[in-house]
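The structure appears below as structure tokens.
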Amino acid sequence: MKKTIFLAILFATQLFYAQNKVAKKPETVIIINNEIATMDQVIKYGNEGYVKSMNKGVSEEQRNALAKKFGDKIGDREFIVVVEVFTEQEKIENDKKNQTAAAEQKPQVKQEQFILNVNDQAKDFTLKLVDGKEVKLSDLKGKVVLVNFWATWCAPCLQEFYDIPSKILEPFKNDNFVFLAISSGEAETAVAKKVVKLKNDGLDFNFGVDPKEVIWNQYAMNAIPKNFLIDQNGIIKYVAVGNAEGNLDKIASEIKKLLSK
């Protein structure tokens, strides 16, 4: 009887830790011409000038269609990248267009990414979390706050999420630090559905919703993910866009500096 109780407790303990451990980052599935491809193929097409577009992320409808075709190779957790390539005729026309553009030497206009920048006062906002609670930024004065803008369809955003527990949350769990993940421009129901899957993978954040992009439009524009690091006085001290190698390490370093003051 004692042995049975011990095994039951052991199993329950293992289950508890398994549920709180962050799942392995999902694999990336590449689709070219409606077929599963490899990164080597993408590189080859890119070097030869055949890549027309590359979309990191698909809609739920597209994912379901791919899952129907490819079976268990496409699941809920995989990141899907869809690469569109030129036909031979399209490539000829595109090469001509590029040659013409190069000849005209038109200056490229830099795409703006931020509305608020380093040393700006962070705009106050009230964020509704998926659990129904609300968080007001000004109520967090005295704490270091990392505001992250993301979307359920954004593969780089989701890839970044799987590294946040180990690189951001765990190192500062006992400090005056708060992480807010704000889904921008999406219905609350869609975000809540995605959050269930993320939490099952051990990604238990302060997930909030900004369906009408009220908060987003005060802070940034264009690409996501975007991160804003805000100090104890509500001043933006660091900003980052994208999920490039080393981004989270740099953010972690900046958080450490602010907490040491």
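The sequence shown runs -18 to -1, 1 to 243 under mature numbering (1 follows the signal peptide of the UniProt record, and there is no 0). Yeah, the Cβ is synthetic: ideal placement off N, Cα and C, and Gly gets one too. As the structure is a prediction and not an experimental result, all values here were calculated from the model.
- VAL127 is classed as buried because its beta carbon has at least 16 other beta carbons within 10 Å across all chains shown.
- Taken through DSSP and simplified to helix, strand or coil, ALA47 comes out as helix.
- Between VAL112 and LEU162, the gap from beta carbon to beta carbon reaches 8 Å or more.
- Look at LEU119 here: in three-state DSSP terms it is helix.
- Between the C-alpha atoms of PHE159 and TRP135 there is a straight-line separation of about 27 Å.
- Here the C-alpha atom of VAL173 lies approximately 14 Å from the C-alpha atom of ALA137.
- In this structure, the straight-line span from the alpha carbon of VAL11 to that of VAL64 is close to 8 Å.
- For the options GLY31, SER35, LYS34 and ILE56, the alpha carbon positioned closest to that of GLU43 is the one of ILE56.
- In terms of CA proximity to ILE217, ASP102 leads the group GLN93, ASP102 and GLU170.
- With a minimum length of 3 residues, the unbroken runs of beta strand (DSSP E) contained wholly in the segment 148 to 175 fall at 159 to 166.
- Inter-segment contact for the segment 140 to 158 and the segment 170 to 189 is present: three or more beta-carbon pairs are separated by less than 8 Å.
- Minimum Cα-Cα distance from ALA5 among the listed residues LYS51, GLU60 and ASP22 corresponds to GLU60.
- As computed with DSSP, ALA205 is found in no beta bridge at all.
- Collapsing the DSSP output to three states places GLN103 in a strand.
- Contact check between the segment 46 to 54 and the segment 22 to 31: fewer than three CB pairs, one atom from each, fall below 8 Å, which does not count as touching.
- Straight-line spacing of the CA atoms in LYS181 and ASN225 works out to 21 Å.
- Comparing alpha-carbon positions, the option among ARG45, VAL33 and THR171 lying closest to GLY114 turns out to be THR171.
- Secondary structure note for LEU140: it is in no beta strand (DSSP E), and the uninterrupted alpha helix (DSSP H) holding it is 137 to 143.
- Under the DSSP assignment, THR82 falls in the alpha helix (DSSP H) whose first and last residues are 70 to 86.
- In the same chain as LYS34, and ignoring 5 residues on each side of it, the C-beta atoms closer than 6 Å to its own belong to GLU66, VAL67 and PHE68, in chain order.
- DSSP places ALA133 in no alpha helix (DSSP H); its state is neither H nor E.
- According to the DSSP secondary-structure assignment, ASP231 is paired through a beta bridge with no residue.
- For LYS110, DSSP records a beta bridge to GLU116 and VAL191.
- Cβ contact annotation for LYS194 (same chain, cutoff 8 Å, sequence separation greater than five): GLY167, in chain order.
- DSSP places VAL4 outside any beta strand (DSSP E), giving it a letter other than H or E.
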